[in-house]
Amino acid sequence: MKNISEASILRNGKSLILAYDHGTEHGPVDFEPLPESANPEHVFRVGRHDAVTAIALQKGNAEYYREWEEDKGISNGAPLLVKINGNSALAKREDYYSPKQCSVQYAVEELGAEAVGYTIYAGSIHEDKMWEDFRQVQEEARKYGVPVVMWSYPRGKGIEENSDYSGQKDPEVVAYGARLGLELGADMVKCKYTGRQEDWKYLESQVGDLKTVISGGSKRSDKEFLQDVKDTIEVGGNGLAVGRNIFQREEPEKLLDKLEEVVFKDEDSGEFVQNG
Amino acid sequence: MKNISEASILRNGKSLILAYDHGTEHGPVDFEPLPESANPEHVFRVGRHDAVTAIALQKGNAEYYREWEEDKGISNGAPLLVKINGNSALAKREDYYSPKQCSVQYAVEELGAEAVGYTIYAGSIHEDKMWEDFRQVQEEARKYGVPVVMWSYPRGKGIEENSDYSGQKDPEVVAYGARLGLELGADMVKCKYTGRQEDWKYLESQVGDLKTVISGGSKRSDKEFLQDVKDTIEVGGNGLAVGRNIFQREEPEKLLDKLEEVVFKDEDSGEFVQNG
Amino acid sequence: MKNISEASILRNGKSLILAYDHGTEHGPVDFEPLPESANPEHVFRVGRHDAVTAIALQKGNAEYYREWEEDKGISNGAPLLVKINGNSALAKREDYYSPKQCSVQYAVEELGAEAVGYTIYAGSIHEDKMWEDFRQVQEEARKYGVPVVMWSYPRGKGIEENSDYSGQKDPEVVAYGARLGLELGADMVKCKYTGRQEDWKYLESQVGDLKTVISGGSKRSDKEFLQDVKDTIEVGGNGLAVGRNIFQREEPEKLLDKLEEVVFKDEDSGEFVQNG
Amino acid sequence: MKNISEASILRNGKSLILAYDHGTEHGPVDFEPLPESANPEHVFRVGRHDAVTAIALQKGNAEYYREWEEDKGISNGAPLLVKINGNSALAKREDYYSPKQCSVQYAVEELGAEAVGYTIYAGSIHEDKMWEDFRQVQEEARKYGVPVVMWSYPRGKGIEENSDYSGQKDPEVVAYGARLGLELGADMVKCKYTGRQEDWKYLESQVGDLKTVISGGSKRSDKEFLQDVKDTIEVGGNGLAVGRNIFQREEPEKLLDKLEEVVFKDEDSGEFVQNG
Amino acid sequence: MKNISEASILRNGKSLILAYDHGTEHGPVDFEPLPESANPEHVFRVGRHDAVTAIALQKGNAEYYREWEEDKGISNGAPLLVKINGNSALAKREDYYSPKQCSVQYAVEELGAEAVGYTIYAGSIHEDKMWEDFRQVQEEARKYGVPVVMWSYPRGKGIEENSDYSGQKDPEVVAYGARLGLELGADMVKCKYTGRQEDWKYLESQVGDLKTVISGGSKRSDKEFLQDVKDTIEVGGNGLAVGRNIFQREEPEKLLDKLEEVVFKDEDSGEFVQNG
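Shown next as structure tokens:
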């Protein structure tokens, strides 16, 4: 059964996931705008902000995070979400694929993960293989009682070569990807935001009780970024997963303060709901 | 041994399976004629009708269904049939294939499935792989004592490139697909109806004691649809699996009332046989 | 070690295997000459003849056979030989392959198989994969103490594209296929008969103590068929596996009577040796 | 750790392996020069000669061998070396490969193998897969304490298409193949002999403490054959694995007598060292 | 969690790994400059030098090493690092791949490995498969508490066909490869040195607390080689893995003496720190 209702990665039913898998997915080039962001400890420190309800890391940095917490004597850090698969930008592939680099067992038993993440590229010629990988991940996560966040990014030849679709941000494509999160048994789905609120509203109509977050995407202005978050939450969204838009900023705390207000402030009372 | 004779998904030896895997197989586009059909709870409610002997769902909606039942305090809902495999229309594939997205163990032990379903595309270049997947599914289902329904849809290059066949609805092709249900150890087979009663009669001559249901197919008029069901039952068919022809209707209950009469009314007594 | 000497599928060291896997391998078309042969119960009844030392079925019909025996109260029916692999004629394949559709464990433990069968297409580009499948089947059968019959049918690109061979009935090819039965650890091998006694004699010189049976092949006259059986037994053959030549006849019992005489009558005493 | 020092397949640190896998590898054609050699019992009898320190068989003939020994009441026959993989000449392959046809467990536990053999075709596009197969075989053999003989035959596209190499008998290629025996953990390696003693000397310089034997190859005169064996032993070789050069001779015992002298006679004492 | 801080393969936080996998990776040709280097015992003896903190061997030589130690009564030899994968230069491959030739279990339990090594070729079309292999290796090593050294060598079509990169020594490529060591959970990463100190400094900025060593590469002058080691250590490097630059020298001890000074001498005290 779903594991999300009481999950530690939610606060008032919403999430702000600080994602730091860029060293895997894009390599050192992603850290160039702010070189200290290459240092995982820099990002671990940013993750201390109250607005962060989960920090998403690949296996190696998850190990590092736990050691860093121990070194610093931190016991109330952001819950750890371990990404179970990932890929590098170096490989040549016939089409998109993301191999497993961590088992759910290792993530939960050894790293103390409170959630796991998995990327599916529907539309790829390797989609079917990723379904079978996801099946195992999902069922093992159910066994451990940790929620599963699906990074649902339809892309690849099935999208590119289909003239019905305008590309990865086609609202039909994004909504279909979100629906797969529901159908395959994810607890939360992370999708690209097309930039139009009506598209997210449509997406929300397709996913039943599934939690949804937007992916932060490439760096843009505070104002634009906050507006996107606000727009999606207004129509049912549950927050965001954000990386570069936070850790590439000189003063990430400022934006996190604003995000906390947008994401977690109770509309009625105008007050923050506490964690837990 | 076969698990069908006492199965909860039968009523008087017949079945009406409400199938709701369209979000997986076709995506949001299938819900457009009736937007509320995108909401699984809409379909769960439709499934409360007495005529429904099973509701067929993919893993994620099966989890949702159980939660919904619990929320509503429902204990006598339609038996759950979990589809073990499925695929999206987004992927590009060399030929038809349907990956596993749920294990039989998870379906039965965690979701309380009372039957499982599996799609085989005989004729595809991936047919042999699906046989091996099916073998495991069938044997595991036997272990749990739950019946196996085979969605038997011959298609793909072996059919398209064979000049002996006119296509997926060639009666020889449909009957061969049904026969494979018998040979591979299914308890019930779901096949396309060619529209000609004599073809279904021929099919029935090929399947021994196997239960057969027609697939509902795309939406058509009540009259045409009921006639198809009636025609196949007359020559030995055991009912239908239906999706869009029910959940895309404004008043699905009306058609379900009529179907109940066609499928379950005892010919001799003119009375309904009760469930169980 | 070999499991054949005391095997129930032998009578006086010979076998007559009634094979009924045509619904899998060829589909409904094979039953057209005698439509009732599409009904497994028809063939089960034919298998009641004393001459039949084994009935060879795919998993689904094996399940059916056991139910039919139970329904009829039959306890002394022909021993069941479960075919472990098989394929349909619908699929498009790069070259011949036959996937597993039943495990040895299920065949023996659940279906009470007294022998198992496995098809190898040496010469196919998939030959090596079938070797590895066969290895597992053979070793598991040894564990259960049931004999393994290899359907050894060399075919595919390695034969077709090799100018040294005239085709599947080239005596060198047939004999090599039989030899593989010995080398890979089968207890009995089923081979095509070229129609020339000298070829079978050559084959017998290649197989050590392995049991051999000819495959019945397509339907022909009683006289021709009996002569083939007689000719191969004369030079060391151990009988036949027969399907269409029996179940497509109006009066299969008549031919079975004659076959019983040819296959099982003791040359010296002129009397039948009893089963067991 | 290595299992060779006390191995039963050695006599005075040397080996004469009687190999009889030709029915698998080449088929009946290999037995034509001496038709009775097609009969495994003929070869089993030849293996009774004192000079034979191991008889190498595929699974099926290994089963036969054990039955034959039991029938004849033989308890001191040549130790059995079971070939774990093999292939037929019938298949069409993109490049050389040799599938497993016996598990180490079955070979040791059921057949009483005192050594196992495995063929690697370095240079093939399937080389990497064979490494992984070999890894499992070697580690399982270590568990049982039986030595592993590697048939190391570099061949395939990596050799043919590399202009640095003159072919399978290029001394660099043969020596590299032998070295892989050392690196991958074999106890003994079987290599082709180029016909030049200096090449074998070079090979010996590459293999540390690994035992080496030459493969017998196609049939040639007694004199040439004995000279090859003598030449390789002189520079560190440990004997030979021989098939056709023995079992295709009318009087194999005569050549075995001579081989015994060349391989096992102690240089200093001029006497034979006993087995064990 | 990471296993490196107390690892026996470190001395004062630095490592000098004597690598001897050339017989696998390149074959006999690598030993030609100094023929005795083909003899593993020659290299085992070199490994007795105090400067060596680990000796890296493939499975077969690791077995040999343990026997040699036992023969010689050596109990304080250099810790053994077993390479878990490797490949030969003979095979033809579509792109770079390195198959497993030893299990972690065998390396640790049977060979007493105190560390394991694994090669990843990011950039290859087989990169994803190597990630999954590495995942298992890393998690099994964690279970045993032995550190994992990643040979991180980006190469293959993804590098060659990407015009952004100048090749395997492009500093972005090398740094990305090192970063993958961190992300995937290695304890130490072995990278190519571009020859420019600034590039190694950049690399160090990308790897958090991961240990780094340069690969020795092809043979060059003592002076150049020592300078490379010094330059990388100056900016955070942790030493080197060296093969040909040591074992192809007439007097390897001399260079090892100098390396010991460069790698292990404490900068402040000017004294050597002891092992442990």
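Residue numbers (numbering that gives the first Met the number 0), protein chains in the order written: chain S, 0 to 275; chain C, 0 to 275; chain B, 0 to 275; chain E, 0 to 275; chain V, 0 to 275.
Note that beta-carbon positions come from the ideal geometry of N, C-alpha and C, so glycine has one too.
Fair warning: this is a prediction, and the values are worked out from it, not measured in the lab.
Review point. So, using beta-carbon positions, are S:Y152 and S:T193 closer together than 8 Å?
Key: The residue you call residue 152 of chain S lines up with position 153 of the first sequence. The residue you call residue 193 of chain S lines up with position 194 of the first sequence. Cβ distance not < 8 Å, so S:Y152 and S:T193 don't count as in contact.
Check your understanding: Between B:G275 and B:A77, what straight-line distance do the alpha-carbon atoms span, to the nearest angstrom?
Key -> Translated into the one-based positions of the third sequence, residue 275 of chain B becomes position 276. Translated into the one-based positions of the third sequence, residue 77 of chain B becomes position 78. Unreliable placement is indicated for B:G275, whose pLDDT of 39 sits below 50; the coordinate value is still reported in the next sentence. Between B:G275 and B:A77, the C-alpha separation is close to 12 Å.
Check your understanding: Hey, S:W199 and S:D230 are a contact pair by Cβ (cut 8 Å); roughly how many whole angstroms apart?
Key -> Along the first sequence, one-based indexing puts residue 199 of chain S at 200. Along the first sequence, one-based indexing puts residue 230 of chain S at 231. The Cβ separation is near 7 Å, so the contact holds.
Check your understanding: Within the 8 Å Cβ cut-off, does E:E62 reach chain B?
Key -> Locating residue 62 of chain E in the fourth sequence gives position 63, where the first residue counts as 1. Closer than 8 Å to some Cβ of chain B, the Cβ of E:E62 qualifies, so yes.
Point to revise | Where S:V103 meets chain V, residues with beta-carbon distance less than 7 Å | key: As a working note, residue 103 of chain S is residue 104 in the first sequence. Near S:V103 there are no residues of chain V at all, since even the closest Cβ is about 11 Å away, more than 7 Å.
Practice item. For B:A174, return the contacting residues in chain E, with the cut-off set at a CB-CB distance below 7 Å. Key: Position 175 of the third sequence, counting from 1, holds the residue named residue 174 of chain B. By Cβ distance, chain E contributes P27.
Exercise for review: Helix, strand or coil for B:N2, going by three-state DSSP, please let me know.
Suggested key: Taking the third sequence and counting its residues from 1, one reaches residue 2 of chain B at position 3. Three-state DSSP puts B:N2 in coil, outside helix and strand.
Check your understanding: Counting contacts by CB-CB distance shorter than 8 Å, is S:P153 in contact with chain C?
Key -> Here residue 153 of chain S refers to the residue found at position 154 of the first sequence. So yes, S:P153 belongs to the interface.
Review point. What's the gap between the Cα of B:G62 and the Cα of C:N2?
Key: Position 63 of the third sequence, counting from 1, holds the residue named residue 62 of chain B. Position 3 of the second sequence, counting from 1, holds the residue named residue 2 of chain C. For clarity, residue 62 of chain B is Glu in the given sequence; the question names Gly instead. If I take the Cα positions, the gap works out to 11 Å.
Practice item. Pick out whichever of S:P146, S:V51, S:E159, S:S36 has its Cα sitting closest to the Cα of S:D94. Key: Position 95 of the first sequence holds residue 94 of chain S. Among S:P146, S:V51, S:E159, S:S36, the Cα nearest to that of S:D94 is on S:E159.
Check your understanding: So which residues of chain E does V:P346 contact, with C-beta pairs closer than 7 Å?
Key -> Because chain V in this structure spans residues 0 to 275, residue 346 of chain V falls outside the shown range and cannot be described.
Check your understanding: For V:I158, which three-state DSSP category applies?
Key -> Here residue 158 of chain V corresponds to residue number 159 of the fifth sequence, with the count starting at 1. Helix at V:I158.
Check your understanding: Which of the residues in the stretch 134 to 163 of chain C, read from start to end, lie with their CB under 9 Å from any CB of chain S?
Key -> none
Practice item. Out of V:K91, V:C101, V:G46, point me to the one whose CA is closest to V:N75's CA. Key: As a first step, residue 75 of chain V is located in the fifth sequence; it is residue number 76 there, counting from the start. Checked all of V:K91, V:C101, V:G46; the closest Cα to V:N75 is V:G46.
Check your understanding: For S:G72, does the count of other Cβ atoms within 10 angstroms reach 16, so buried, or fall short, so exposed?
Key -> Taking the first sequence and counting its residues from 1, one reaches residue 72 of chain S at position 73. With fewer than 16 Cβ atoms within 10 Å of its Cβ, S:G72 is classed as exposed.
Exercise for review: Determine the burial state of B:Q137: buried for a count of at least 16 other Cβ atoms within 10 Å of its Cβ, exposed for fewer.
Suggested key: As a first step, residue 137 of chain B is located in the third sequence; it is residue number 138 there, counting from the start. Buried.
**Study point:** Close Cβ partners of V:S87 (< 8 Å) along its chain, the five nearest in sequence each way excluded
**Key:** Numbered from its first residue, the fifth sequence carries residue 87 of chain V at position 88. So the qualifying residues of the chain are T23, E24, G26.
**Study point:** Which listed residue (B:V188, B:G216, B:V147) has its alpha carbon closest to that of B:G235
**Key:** Working through the third sequence from its first residue, we reach residue 235 of chain B at position 236. Cα-wise, what sits closest to B:G235 is B:V188.
Exercise for review: Assign B:S123 to one of two classes, buried (16 or more other C-beta atoms within 10 Å of its C-beta) or exposed (fewer than that).
Suggested key: As a position in the third sequence, residue 123 of chain B is number 124, starting the count at 1. It counts as buried.
Review point. Would you say S:K91 faces chain V, with C-beta separation under 8 Å as the test?
Key: Looking up residue 91 of chain S in the first sequence gives position 92. S:K91 counts as touching chain V.
Check your understanding: Excluding five sequence neighbours on each side, which residues of the same chain lie with their C-beta closer than 8 Å to the C-beta of S:A177?
Key -> Start at 1 with the first residue of the first sequence, and residue 177 of chain S comes out as number 178. S151, V188, C190, L202, Q205, V206, L209, T211, listed in sequence order.
Review point. Within 8 Å (strictly less), CB to CB, does S:S165 reach chain C?
Key: Numbered from its first residue, the first sequence carries residue 165 of chain S at position 166. It does not: the Cβ of S:S165 has no partner Cβ on chain C nearer than 8 Å.
Review point. Which partner residues of V:W150 appear in the DSSP bridge assignment?
Key: Working through the fifth sequence from its first residue, we reach residue 150 of chain V at position 151. Per DSSP, V:T118, V:K189.
Check your understanding: Helix, strand or coil: how does DSSP classify S:S36 here?
Key -> Reading the first sequence from its first residue, position 37 is the one you call residue 36 of chain S. It is helical.
Exercise for review: Decide yes or no for the touch test of the stretch 8 to 21 of chain B against the stretch 251 to 262 of chain C: beta carbon pairs closer than 8 Å, at least 3 of them.
Suggested key: no
Check your understanding: From B:G215 to V:A112, what does the alpha carbon distance come to, in whole angstroms?
Key -> Position 216 of the third sequence, counting from 1, holds the residue named residue 215 of chain B. Position 113 of the fifth sequence, counting from 1, holds the residue named residue 112 of chain V. The straight-line gap from Cα to Cα measures roughly 60 Å.
Exercise for review: Leaving out five residues on either side along the sequence, give the residues of the same chain with a beta carbon under 8 Å from the beta carbon of C:I83.
Suggested key: For this step, residue 83 of chain C is matched to residue 84 along the second sequence. So the qualifying residues of the chain are K99, Q100, C101, S102, V103, A106, V115, G116, Y117, V136.
Exercise for review: Taking only the alpha-carbon atoms, compute the straight-line gap between E:E278 and E:K264 and give it to the nearest angstrom.
Suggested key: The requested residue 278 of chain E does not occur in the structure, where chain E is confined to residues 0 to 275.
Practice item. Could you pull out every residue in the same chain whose Cβ sits closer than 6 Å to the Cβ of E:M129, ignoring the five residues on either side in sequence? Key: Residue mapping note: residue 129 of chain E aligns to position 130 of the fourth sequence, counting from 1. Correct list, in chain order: I119.
Practice item. Drop a sphere of 10 angstroms on the beta-carbon of C:K142, count the other beta-carbons inside from all chains shown, and report buried for 16 or more, exposed for fewer. Key: The count along the second sequence starts at 1 and reaches residue 142 of chain C at position 143. That one is exposed.
Exercise for review: Helix, strand or coil for E:N84, going by three-state DSSP, please let me know.
Suggested key: Position 85 of the fourth sequence, counted from the first residue, corresponds to residue 84 of chain E. Of the three classes helix, strand and coil, the one that applies to E:N84 here is strand, per DSSP.
Exercise for review: Kindly indicate which residue of V:Y19, V:D163, V:E131, V:N38 has the alpha-carbon position closest to the one of V:L183.
Suggested key: Translated into positions along the fifth sequence, residue 183 of chain V becomes position 184. Answer by Cα proximity: V:E131.
Practice item. Using a cut-off of 9 Å between C-beta atoms, extract the partners of E:E5 located in chain V. Key: In the fourth sequence, counting from the first residue as 1, residue 5 of chain E sits at position 6. Chain V residues near E:E5: none, gap ~13 Å exceeds 9 Å.
Review point. Leaving out five residues before and five after S:A37 in sequence, what residues of the same chain have Cβ atoms less than 6 Å from its Cβ?
Key: To locate residue 37 of chain S, count along the first sequence from 1; it is residue 38. The answer, listed in chain order, is F30.
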